[in-house]
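Contents: one structure, followed by commentary.
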Amino acid sequence: MRYIILLIFLVVWLYILHVTKKAKLPFWHFLWGSAGLFVIIFVGFKDVLTQPMANIVAAVAGIVGKMTGVFEPYYKYGIIFVESAKDSITLKIDFECSGIIEITAFLSLLIFFNVYSRYEKVIIGCIGTVYIIVANALRIILICLIIHFKGVDYYYISHALIGRIFFYILSIILYFYVFTKAQIISQKVGGFGYVDDNK
């Protein structure tokens, strides 16, 4: 039933996408296109992509864990075991912590962001995906370090507050350089713009 609804949504999405492009409504084309693509990828492929992404994040974070001995990764299962002086905890990387939501949102926006060429979108998409994976792994590492040195009682504050804020800051940096700065550079404000010396 879910895939039937998704198929109907896909048809409607493509139709409205065609209409907004033909009517030359770039903002609505971007908004509808990126939002619709996010829904299609997330609903259609979430179950398939979540575990591989969790394994990758656990493996990347596990590099630091093995080097420092602070935590033990079991990347095949997307699990990290953290031991503190008093107690221990097992962290399961689920879809919320896997980075699949952030990667899907980033790629959906990038695909319909007309500042870049197709080639540039492919390169930036790959770099951005790796960046988000590393940023997410750093968040997991930070959470594990806090739990290791402060104890399991700090799990909630390290996960829900410190780790999340840290990850959001890194995400804002990525979005600024990929979208905001690129958009500002590409615009001509008040008649000023880049001068073509070849003319």
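Numbering-wise, my numbering puts 120 at position 121 of the sequence shown, and it's gapless, one number per residue.
The beta carbon of each residue, even a glycine, is placed where N, CA and C say it ideally should be.
For clarity, every value in this text was computed on a predicted model and none was experimentally measured.
| task | Identify the continuous alpha helix (DSSP H) that holds Tyr-73 and give its terminal residues. | result | On the sequence shown, position 74 is the one that residue 73 refers to. That residue, Tyr-73, is in no alpha helix (DSSP H); its beta strand (DSSP E) goes 70 to 73.
| field | Cβ shell of Val-59 (< 6 Å), same chain only, five flanking positions each side left out | value | Here residue 59 refers to the residue found at position 60 when the sequence shown is read from its first residue. Within the same chain, Val-59 has close Cβ partners Ala-136.
| said: Taking 8 Å as the limit between beta carbons, can you name the residues of its chain near His-147, skipping five residues before and five after? | reply: Taking the first residue of the sequence shown as position 1, residue 147 is located at position 148. Hits under 8 Å: Val-69, Phe-70, Val-81, Glu-82, Ser-83.
| task | Quick one: give me the first and last residue of the beta strand (DSSP E) that Leu-90 is part of. | result | Here residue 90 corresponds to residue number 91 of the sequence shown, with the count starting at 1. Unbroken beta strand (DSSP E) run through Leu-90: 87 to 91.
| When we look at the beta-carbon of Ile-184 and count the other beta-carbons within 10 Å, is it buried (16 or more) or exposed? | Position 185 of the sequence shown, counted from the start, is the residue given in the question as residue 184. Residue burial is scored here from C-beta neighbours: Ile-184 has fewer than 16 other C-beta atoms within 10 angstroms and is therefore classed as exposed.
| task | Can you tell me which of Lys-85, His-158, Leu-5, Ile-123 puts its alpha carbon nearest to the alpha carbon of Cys-96? | result | Here residue 96 corresponds to residue number 97 of the sequence shown, with the count starting at 1. For the residues Lys-85, His-158, Leu-5, Ile-123, the minimum Cα distance to Cys-96 belongs to His-158.
| Can you give the Cα-Cα distance for Tyr-174 and Val-42, rounded to whole angstroms? | Translated into positions along the sequence shown, residue 174 becomes position 175. Translated into positions along the sequence shown, residue 42 becomes position 43. Computed Cα separation, rounded: 23 Å.
| In or out: His-17 buried (at least 16 other Cβ within 10 Å) or exposed? | Mapped onto the sequence shown, residue 17 falls at position 18. It is exposed - the Cβ of His-17 has fewer than 16 other Cβ atoms within 10 Å.
| task | Inspect the beta-carbon positions of Met-66 and Ile-99 and report whether they are closer than 7 Å. | result | Indexing the sequence shown from 1 puts residue 66 at position 67. Indexing the sequence shown from 1 puts residue 99 at position 100. No, the pair does not count as a contact, with Cβ atoms beyond the cut-off.
| Taking just the CA atoms, how far does Lys-149 sit from Ile-131? | Within the sequence shown, residue 131 is the residue found at index 132, counting from 1. Within the sequence shown, residue 149 is the residue found at index 150, counting from 1. Those two C-alpha atoms are separated by around 27 Å.
| DSSP beta-bridge partners for Glu-119? | Within the sequence shown, residue 119 is the residue found at index 120, counting from 1. In the DSSP output, where bridge partners are listed per residue, Glu-119 has none listed.
| said: What does the Cβ neighbour count give for Ala-22, buried or exposed, with the cut at 16 atoms within 10 Å? | reply: Position 23 of the sequence shown, counted from the first residue, corresponds to residue 22. Result: exposed.
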